[in-house]
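Novice: Below are the structure tokens for one structure; questions will follow.
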Amino acid sequence: MSGWFPPWLPIFSLLVGVITVLHVYVWARMVHATGRGRGWRWGGGVLLLALALTIPATFLIGRDQPFPGWQALIWVAYIWMGVIGLLFSVQFGADLLRWLGGAALRFMPSRHGAPDPARRAYLSRLVAGAVAFGTMGVSAFAARAAARPPQLRKLQVALARLPASLSGTTIAQISDLHVGVTVGRDYVEDVVNRVNALEPDIIAVTGDLVDGDAFHLRGEVASMTELKAPMGVFFVTGNHEYYSGVGPWLAQIQSMGMRVLRNEWVSIGTGGDSFCLAGVYDSSFQAVAQGHGADVARALQGVPAGKEIVLLAHQPKEIFAAAKHGVGLQLSGHTHGGQVWPFTWIVHLIQPYVAGLARHGKTQIYVSSGTGHWGPPMRLGTSSEITLIELVRG
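Here the numbering used here is used: the first residue of the sequence shown is 1, the next is one more, and so on.
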């Protein structure tokens, strides 16, 4: 693909389209439909337009400018991204209920004359006010939830081919930290301390570590060099590493003591008392990053027959290839568990698994809800997590 084509352009175009739909709908139902005068409609429209423009502006300009100068604007944009999504969802739900109520009334004997436009406008104002105040409260709750430290989730996974001598091996999974504007140095240091306190045998970082270039963010992630595990600290790329300059980041990550698994596997243990730990690139950018793209078959080339396999793959959808190639357990992230309800439903349409432990044929998969968050500093119906997986023979 041509060098001028930025790898983030498709997702940016989709983002602009979604932002446009959300703001037009909110303006139509919460401003225009309330029956106020022209000044209200124009003022509301200008305010919504200004807030809408902060979102793509920070994505475009913020990539090339030092973060301190854009901190306030980016915070406004990210918070508003969450608020407008919730405004749309709650207003749409209220409109759906009104429509269903109106449809039901059509089948009942009419006791009134023609609909009163003034009454409709009054009801629209009443609903819009309730939606606005309700959304502000929910947004504050969601922001507080995102600011909390990640929860520790422990689980035990039985693998039939795991050597008895390695039963009890622990893997600490970190995923989707998204270090950048809303997730910074203090949060990263806290995560590192929490993970090290678990004394895991292996640490697996399953992508989307950063949201920004290595030059500006290397100091924010410097404490990741303190991650310690006797069997190794391993990393696979997520889609956001490609938005942020995958080459410099992979060099930086390796310099921090993490082993990047590039469609390859390593042996954990010695001789026959070992299992295979494999990792693949993220699947999003094979067209723009030469030699990249998830390739499970290539990653597992040369694995001895009968050897147990644990696969690190950022996106849960790699489970189809993983199951085909006899993987015992896949560890993934990417989904954030949906991060903010009701967008959890949308994630279910894109990925086969969204959060937690599941079985796909003979292969098990665990999807982390993410250790940080992306975009809006909010979580609703989900929580950040550090995961400790104990592998047992069984």
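Where a beta carbon is used, it is the ideal one built from N, C-alpha and C, also for glycine.
For Ala322 and Arg153, what's the separation of their Cα atoms in angstroms?
Specialist: For the purposes of this step, residue 322 is taken as the residue at position 322 of the sequence shown. For the purposes of this step, residue 153 is taken as the residue at position 153 of the sequence shown. Distance between the alpha carbons of Ala322 and Arg153 is about 24 Å.
Novice: Using only CA atoms, which one of Pro342, Tyr281, Met81, Gly328 lies nearest to Gly238?
Specialist: Mapped onto the sequence shown, residue 238 falls at position 238. Among Pro342, Tyr281, Met81, Gly328, the Cα nearest to that of Gly238 is on Tyr281.
Novice: Going by the C-beta, is Val46 closer than 7 Å to any heavy atom of the ligand COA?
Specialist: No copy of the ligand COA occurs in the structure displayed, which carries no ligand at all.
Novice: Among Arg41, Pro377, Val367, Gly37, which one has its Cα closest to the Cα of Leu155?
Specialist: Within the sequence shown, numbered from 1, the residue matching residue 155 stands at position 155. The shortest Cα separation from Leu155 among Arg41, Pro377, Val367, Gly37 belongs to Val367.
Novice: Hey, could you find the ends of the alpha helix (DSSP H) Ser255 is sitting in?
Specialist: As a working mapping, residue 255 is identified with position 255 in the sequence shown. Start and end: 246-255.
Novice: Out of Leu227, Asn193, Met378, point me to the one whose CA is closest to Pro342's CA.
Specialist: Start at 1 with the first residue of the sequence shown, and residue 342 comes out as number 342. The shortest Cα separation from Pro342 among Leu227, Asn193, Met378 belongs to Met378.
Novice: Taking all protein chains shown into account, do 16 or more other C-beta atoms lie within 10 angstroms of the C-beta of Ala164, making it buried, or fewer, making it exposed?
Specialist: On the sequence shown, position 164 is the one that residue 164 refers to. Result: exposed.
Novice: With distances taken from CA atoms, which of Val138, Asp186, Val347, Tyr122 is nearest Ala33?
Specialist: Residue numbering aside, residue 33 sits at position 33 when the sequence shown is read from its first letter. Selected option, being the one with the closest Cα: Tyr122.
Novice: Can you tell me whether Gln173 is buried or exposed, with buried defined as 16 or more other CB within 10 angstroms of its CB?
Specialist: Within the sequence shown, numbered from 1, the residue matching residue 173 stands at position 173. It counts as buried.
Novice: So His23 is in the alpha helix (DSSP H); what residue range does that whole segment cover?
Specialist: Here the question's residue 23 lines up with position 23 in the sequence shown. 9-30 is the span of the alpha helix (DSSP H), which, as asked, contains His23.
Novice: Checking 8 Å against the spacing of the C-beta atoms, do Gly207 and His336 come in under that value?
Specialist: In the sequence shown, counting from the first residue as 1, residue 207 sits at position 207. In the sequence shown, counting from the first residue as 1, residue 336 sits at position 336. Not in contact: Gly207 and His336 (Cβ atoms no closer than 8 Å).
Novice: Any idea which residues DSSP pairs Ala358 with across the strands?
Specialist: In the sequence shown, residue 358 corresponds to position 358, counting from 1. Partner(s): Ile365.
Novice: Could you say if the segment 271-278 and the segment 248-256 meet the contact criterion of at least three C-beta pairs nearer than 8 Å?
Specialist: Flag = no, the segment 271-278 and the segment 248-256 do not touch.
Novice: Would you decide whether Ile389 is buried or exposed? Buried here means 16 or more other CB atoms lie within 10 Å of its CB.
Specialist: Numbered from 1 along the sequence shown, position 389 holds the residue referred to as residue 389. So Ile389 ends up on the buried side.
Novice: Give me, in chain order, the residues of the same chain whose beta-carbon lies closer than 8 Å to that of Val157; leave out the 5 immediate sequence neighbours on both sides.
Specialist: To locate residue 157, count along the sequence shown from 1; it is residue 157. Correct list, in chain order: Leu329, Leu357, Gln364, Tyr366, Ile389, Glu390, Leu391, Val392.
Novice: Mapping DSSP to helix, strand and coil, what is Ser2?
Specialist: As a working note, residue 2 is residue 2 in the sequence shown. Caution is warranted here: a pLDDT of 46 is assigned to Ser2, below 50, making its placement in the model unreliable, and the coordinate value is therefore given only provisionally. In this structure, Ser2 counts as coil in the three-state DSSP scheme.
Novice: Hey, out of Leu15, Thr58, Ala147, whose CA is closest to Gly212's CA?
Specialist: The residue you call residue 212 lines up with position 212 of the sequence shown. Of Leu15, Thr58, Ala147, the residue nearest in Cα terms is Thr58.
Novice: Locate the alpha helix (DSSP H) running through Asp186, then write down its first and last residues.
Specialist: Here residue 186 is taken as the residue at index 186 of the sequence shown, counted from 1. Run containing Asp186: 185-197, per the alpha helix (DSSP H) assignment.
Novice: Between the beta-carbon of Gly257 and the beta-carbon of Thr225, is there less than 8 Å?
Specialist: Taking the first residue of the sequence shown as 1, we reach residue 257 at position 257. Taking the first residue of the sequence shown as 1, we reach residue 225 at position 225. In this structure, Thr225 lies closer than 8 Å to Gly257 by Cβ.
Novice: Here's the rule I'm using: 16 or more other beta-carbon atoms within 10 Å means buried, otherwise exposed. How should Ser244 be labelled?
Specialist: The residue labelled residue 244 in the question sits at position 244 within the sequence shown. Buried, since its Cβ has 16 or more Cβ neighbours within 10 Å.
Novice: Helix, strand or coil: how does DSSP classify Val327 here?
Specialist: As a position in the sequence shown, residue 327 is number 327, starting the count at 1. Reduced to three states, the DSSP call for Val327 is coil.
Novice: Could you check which residue in Val266, Ala50, Phe320, Leu96 has the C-alpha nearest to that of Ala77?
Specialist: Along the sequence shown, one-based indexing puts residue 77 at 77. Here the closest residue by C-alpha is Ala50.
Novice: For the segment 290-356, list the alpha helix (DSSP H) runs that are entirely contained and at least 4 residues long, ordered along the chain.
Specialist: Within the segment 290-356, the complete alpha helix (DSSP H) runs of at least 4 residues are 296-299, 319-324, 344-350.
Novice: Using the three-state DSSP reduction, which class does Phe107 fall into: helix, strand or coil?
Specialist: Taking the first residue of the sequence shown as position 1, residue 107 is located at position 107. Coil, per DSSP.
Novice: Assuming Gly291 contacts Ser283 under a Cβ cut-off of 8 Å, what Cβ separation, rounded to an integer in Å, is found between them?
Specialist: Counting from 1 along the sequence shown, the entry for residue 291 is found at position 291. Counting from 1 along the sequence shown, the entry for residue 283 is found at position 283. Not quite, the Cβ-Cβ distance comes to about 14 Å (not below 8 Å), so this is no contact.
Novice: Check whether the segment 227-242 touches the segment 310-324, counting contact only when three or more Cβ pairs, one atom from each stretch, lie closer than 8 Å.
Specialist: They touch, by the three-pair rule.
Novice: Should Val188 and Leu177 be called a contact, given that it needs their Cβ atoms to be closer than 8 Å?
Specialist: Taking the first residue of the sequence shown as 1, we reach residue 188 at position 188. Taking the first residue of the sequence shown as 1, we reach residue 177 at position 177. Against a cut-off of 8 Å, the Cβ pair of Leu177 and Val188 comes out as a contact.
Novice: Find out if the Cβ-Cβ distance for the pair Val90, Thr135 is shorter than 8 Å.
Specialist: Counting from one through the sequence shown, the residue named residue 90 turns up at place 90. Counting from one through the sequence shown, the residue named residue 135 turns up at place 135. A contact, by the Cβ cut-off of 8 Å.
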